[in-house]
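Protein chains in written order, with the working numbering: chain A, 60 to 264; chain B, 60 to 264; chain C, 60 to 264; chain D, 60 to 264. Working notes for the structure below.
There are 4 protein chains.
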Amino acid sequence: MINDQKIRELICELCQNFYHAGWASGTGGSISVREGSSIYMTPSGVQKDRIKPEDIFELDLFGDIISDPCNGLKLSQCAPVFIKVYNIRNAGSVLHSHSKNAVLATILFAKNKVFSVSNMEMIKGIGGMRASDTLEIPIIANTDFEYDLADTLAEALQAYPKSPAVLVQNHGIYVWGNDWLQAKTQAECLDYLFDIEVRRQQIGL
Amino acid sequence: MINDQKIRELICELCQNFYHAGWASGTGGSISVREGSSIYMTPSGVQKDRIKPEDIFELDLFGDIISDPCNGLKLSQCAPVFIKVYNIRNAGSVLHSHSKNAVLATILFAKNKVFSVSNMEMIKGIGGMRASDTLEIPIIANTDFEYDLADTLAEALQAYPKSPAVLVQNHGIYVWGNDWLQAKTQAECLDYLFDIEVRRQQIGL
Amino acid sequence: MINDQKIRELICELCQNFYHAGWASGTGGSISVREGSSIYMTPSGVQKDRIKPEDIFELDLFGDIISDPCNGLKLSQCAPVFIKVYNIRNAGSVLHSHSKNAVLATILFAKNKVFSVSNMEMIKGIGGMRASDTLEIPIIANTDFEYDLADTLAEALQAYPKSPAVLVQNHGIYVWGNDWLQAKTQAECLDYLFDIEVRRQQIGL
Amino acid sequence: MINDQKIRELICELCQNFYHAGWASGTGGSISVREGSSIYMTPSGVQKDRIKPEDIFELDLFGDIISDPCNGLKLSQCAPVFIKVYNIRNAGSVLHSHSKNAVLATILFAKNKVFSVSNMEMIKGIGGMRASDTLEIPIIANTDFEYDLADTLAEALQAYPKSPAVLVQNHGIYVWGNDWLQAKTQAECLDYLFDIEVRRQQIGL
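Here is the structure:
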């Protein structure tokens, strides 16, 4: 049970990080961490700078609720998307951000339906890659209901078996890792790369 | 009375949030929260990063002062504008920010006199809207005295009955909600959308 | 003496604000506050995020040192410039920032040798001005030694008798006020206006 | 031993500064400080916002490990690069940042293989320089393995004997100083200058 409390506190801390990075304004974004066969997940529609440990849902790997905050909060619409990633990629943590850099990257690369970058040092922050490799992150179409993203996201995972993330057009990004540390690192590296590519375009280079 | 103190502390906390978001530099911006038939409101010309609970005015729904800080501070020129919104929209909280993103949006959309955006996930943060809907925020002309905005703002509220906010040309934005949480969420979502549209224009997309 | 300590602590607090606003990186910028016939001033070449109350110099209105930190620190090269402003404008506080927005404004308005803006709400933050007024801030040439700025700054003060600030080409800005609160407010309003004009140009508006 | 603990705490504090400046996201960047014949250095692949004093390596001037955290952490790939700088320039501190401003500067000045700027006040923050001097920072090619940078960096140090830093194409910057204060000051001044030159280009000036 101590472990349970620690994970809830960690998620609240990551919510603060996300909020101050601009990845979770307006109640956007969500964070989940797996511990054994439990998945801890932020609720729907809560301001991430004000979330509390007792607001976190606990789910099993099928997405069924093990522990409900019982304070009127609802499960995030992201849940089915997160569950897909946990099962297909055997992830230890899945994050969802509304980063403006990610959204601008989807606008910049909308035609290709894939974000692509090579020869940048920060590519090394993505598991198994070298700075000189080409990193590709698929971009899927947005839907009015977030749970409707689950199937197209699953297709993108198959089409890009090495990708650590999926971008959603005009919406944001899902990123994951073997554990929350790798998920956070990869989320930061991707955000950095999106920003550089967007600003490179602004400068006209 | 405990409630009274809590609202004053909440407003100071929101002032800090606003200041650090760049929405209230140079003593700009103001924050108000309704509790029953009382409206709590920041004073005029005070630095929002240094405001104290005892600096807050308490007004009734006609805009008359119930409780004055009695420390030389004056009521904000925004008061008549806020009162209009409380009465016409039955709001629980009204915020006014000088966000640069809002001001740049008024410059970008000056000709149309309305900011317009569609197909962005963050539109979902506005009460009752879907990501695929078109969000419109009217832009009214600025005046030398803030209380002179009240009438044109009231007209904009009638012309755009669903709008959760009104932009003021080269000045900022008034945003509201059923409670302070919704007002803050909507303020953050709008600011995000303004920034994306401005940066999209910078990139030339 | 308590007052003396309070002013030193206030200056350290303002140094933190300046540093986090990006106005004082790389030991740049300086802050001074007048109390009666004493002027308290930050030393030369110290990192503003790490300055301590005992590092502050105390000068008289002629610029002579009343109290020296006696820890090897040197008086800022800004001192003769600050003293000019205190005497010519009877200021209560003079600030010097290396804000990038100010520097970009000097680049954008280099030909005219004056920054000019009108019809912006934040102009109201400058003492005695309306939003519809035209605000002009003179731009003087930079020099290799900061004390060499004193004479051209004095000329600019005469040429622009209402200006609350002087910009220095590719360098930064000197801003003042009747007290530190007005100096800080005016510094924030000007910085906001510089940023808007620079970004307006980036968008091509 | 008290000194040893203080340096470890200082490095953690600088890691926080770097992380919040955006210079060390995604586990990027590293920090080292020399004390006598010991060099204290951050480990490889650790999130800089979460590093602890006991995670720091202690090396001698040949780069051999004196004290290992013994918690599974590995020495940074930067180590051979840092050691080169310590020995060739007799530095007291060497920093490595992934600042986006530095990376955008390498993209902007890629053809010339040297970043060049003159007539900017912040040039004065670089030891021995005047605002009207021309500052040149060499840009070397990136490599897949960071230790492979050591030789080309040594060549750049010879070619630019006055340069306080070396840029690495699409990667970041190595900066140093006689002590950590000068290294931090110079890192901040350079970052400021990179940003101004990049934004000047964005505006088209």
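Glycine included, every Cβ here is placed at the ideal spot set by N, Cα and C. Note that the coordinates shown come from a computational prediction; the quantities given were computed from them, not determined experimentally.
Chain D contact for residue i (CB, 8 Å cutoff)
i	result
Lys243 (chain A)	yes
Lys172 (chain C)	no
Ala190 (chain A)	yes
Asp63 (chain C)	no
Asp114 (chain A)	no
Asp119 (chain A)	no
Cys248 (chain A)	yes
Arg258 (chain A)	yes
Proximity test, Cβ basis, 8 Å: residue i and chain B
i	result
Tyr251 (chain C)	yes
Ser84 (chain A)	yes
Ile262 (chain C)	yes
Met179 (chain C)	yes
Asp123 (chain C)	no
DSSP-derived helix/strand/coil call for residue i
i	result
Ser84 (chain D)	helix
Phe121 (chain D)	coil
Gly184 (chain D)	helix
Arg189 (chain A)	coil
Ile66 (chain A)	helix
Leu264 (chain C)	coil
Ile90 (chain A)	strand
Leu134 (chain A)	strand
Val105 (chain C)	coil
8 Å Cβ cutoff, residue i in contact with chain C
i	result
Gln281 (chain B)	Here chain B comprises residues numbered 60 to 264, so residue 281 (chain B) is not present and cannot be evaluated.
Gly184 (chain D)	yes
Ile196 (chain B)	no
Ile199 (chain B)	no
Ile255 (chain D)	yes
Beta-carbon proximity of residue i to residue j, cut-off 8 Å
i	j	result
Gln106 (chain D)	Leu240 (chain A)	yes
Ser96 (chain D)	Leu134 (chain D)	no
Glu247 (chain C)	Gly85 (chain B)	yes
Asn229 (chain A)	Met100 (chain B)	no
Ile255 (chain D)	Lys170 (chain C)	no
His157 (chain D)	Gly236 (chain D)	no
Val257 (chain C)	Leu167 (chain C)	yes
Asn201 (chain C)	Ala190 (chain D)	yes
Arg67 (chain D)	Ile115 (chain D)	yes
Ala161 (chain D)	Leu226 (chain D)	yes
Val234 (chain A)	Pro197 (chain A)	no
Arg148 (chain C)	Leu212 (chain C)	no
Gln245 (chain C)	Pro220 (chain C)	no
Glu94 (chain B)	Asn146 (chain B)	no
Ala164 (chain B)	Phe253 (chain B)	yes
Ile90 (chain D)	Cys74 (chain D)	yes
DSSP beta-bridge partners of residue i
i	result
Phe174 (chain B)	B:Ile196
Phe116 (chain C)	C:Met100
Ser222 (chain B)	Beta-bridge pairing links Ser222 (chain B) to no other residue.
Trp235 (chain B)	B:Val153
Val144 (chain A)	Partner(s): none; Val144 (chain A) has no beta bridge.
Exposure of residue i, with buried meaning 16 or more beta-carbon neighbours within 10 Å
i	result
Ile199 (chain B)	buried
Gly184 (chain B)	buried
Pro102 (chain B)	buried
Cys71 (chain C)	buried
Ile125 (chain A)	exposed
Leu154 (chain D)	buried
Lys243 (chain D)	buried
Cys137 (chain B)	buried
Gln261 (chain B)	buried
Ser177 (chain D)	exposed
Gln64 (chain A)	exposed
Ser152 (chain D)	buried
Tyr206 (chain D)	exposed
Ala218 (chain A)	exposed
Closer than 7 Å: residue i CB and nearest the ligand NAP heavy atom
i	result
Ala161 (chain D)	Within the structure as shown, the ligand NAP is missing, as the structure has no ligands at all.
Residue-chain proximity (residue i, chain A), Cβ-Cβ < 8 Å
i	result
Leu240 (chain B)	yes
Asn237 (chain D)	no
Gln75 (chain D)	no
Asp108 (chain B)	no
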